[in-house]
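Numbering (the working numbering), first residue to last: 113 to 288. Even for Gly, the Cβ is constructed at its ideal location relative to N, Cα and C. Input: a single structure, listed below in structure tokens.
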């Protein structure tokens with residue numbers, strides 16, 4: 113229901129699992145909720161899917177009560193946010209959620225589904241993030257893992273200038 117025919121993060125997650133990773137966290141900070149990765153891992157207790165996204169917005173999924181099913185119950189955390197949601201509040205939620213996820217789930221590996229369409233200047237939505245927010249979130253995820261245990265996939269952004277600034281800040285934070 114989204115913009116992607118193939119889910120590169122889901123494919124990468126399965127590959128990483130085949131290489132021996134037991135517990136994997138997918139962090140998704142796209143503007144829209146990505147129902148594909150959520151659906152793929154919805155009943156999987158080895159993959160935690162964490163999404164912060166604007167709501168309501170296409171595809172209409174990602175409600176806070178969608179938490180997984182069967183053995184995967186509790187392995188999905190959606191944070192639907194209203195248009196105009198302040199970046200400083202976004203950061204507080206992000207840090208609090210990562211603390212809880214790492215305390216309770218203790219992932220061995222993190223995949224960031226890096227959609228920069230949640231930038232304040234992106235034409236598709238109404239979130240208020242800037243390049244420094246993306247760098248901060250990257251550092252927050254990175255500091256919780258040993259080196260070599262985080263991969264980021266570029267997956268969106270429709271304002272080329274905002275996208276380029278945000279990607280540079282994100283990659284610099286990955287290299288810190």
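Going along the chain, which residues of its own chain have a beta-carbon closer than 7 Å to the beta-carbon of residue i, five neighbours each way excluded?
i: residue 128; result: 136 and 221
i: residue 229; result: 142, 143, 236, 237, 268, 269 and 270
i: residue 253; result: 139, 210, 222, 224 and 262
i: residue 154; result: 180, 181, 184 and 188
Rounded to a whole number of angstroms, what is the C-alpha to C-alpha distance between residue i and residue j?
i: residue 262; j: residue 121; result: 12 Å
i: residue 170; j: residue 126; result: 26 Å
i: residue 224; j: residue 168; result: 22 Å
i: residue 179; j: residue 186; result: 5 Å
i: residue 281; j: residue 182; result: 39 Å
i: residue 278; j: residue 203; result: 16 Å
i: residue 284; j: residue 274; result: 15 Å
i: residue 208; j: residue 256; result: 13 Å
i: residue 234; j: residue 166; result: 13 Å
i: residue 177; j: residue 232; result: 27 Å
i: residue 119; j: residue 175; result: 20 Å
Assuming residue i and residue j make a contact with CB atoms under 8 Å, what is their CB distance in whole Å?
i: residue 196; j: residue 238; result: 6 Å
i: residue 184; j: residue 157; result: 5 Å
i: residue 164; j: residue 193; result: 6 Å
i: residue 276; j: residue 226; result: Residue 276 to residue 226, Cβ: 13 Å. No contact.
i: residue 251; j: residue 288; result: 6 Å
Going along the chain, which residues of its own chain have a beta-carbon closer than 6 Å to the beta-carbon of residue i, five neighbours each way excluded?
i: residue 199; result: 240, 241 and 245
i: residue 189; result: 162
i: residue 266; result: 226
Who are the near neighbours of residue i in its chain, counting only those whose CB is closer than 8 Å to its CB and skipping five residues on each side?
i: residue 286; result: 250, 254, 262 and 264
i: residue 124; result: 223, 263 and 265
Taking Cβ positions only, does residue i come closer than 8 Å to chain D?
i: residue 120; result: The structure shown contains no chain D, having only a single protein chain.
Segments assigned alpha helix (DSSP H), at least 4 residues, entirely inside the segment 131–199: Fully enclosed alpha helix (DSSP H) runs of 4 or longer: 147–153.
Any 3 or more C-beta pairs closer than 8 Å across the segment 208–219 and the segment 130–147: Inter-segment contact for the segment 208–219 and the segment 130–147 is present: three or more beta-carbon pairs are separated by less than 8 Å.
Alpha helix (DSSP H) runs contained entirely in the segment 223–275, provided each spans 4 or more residues: 243–254
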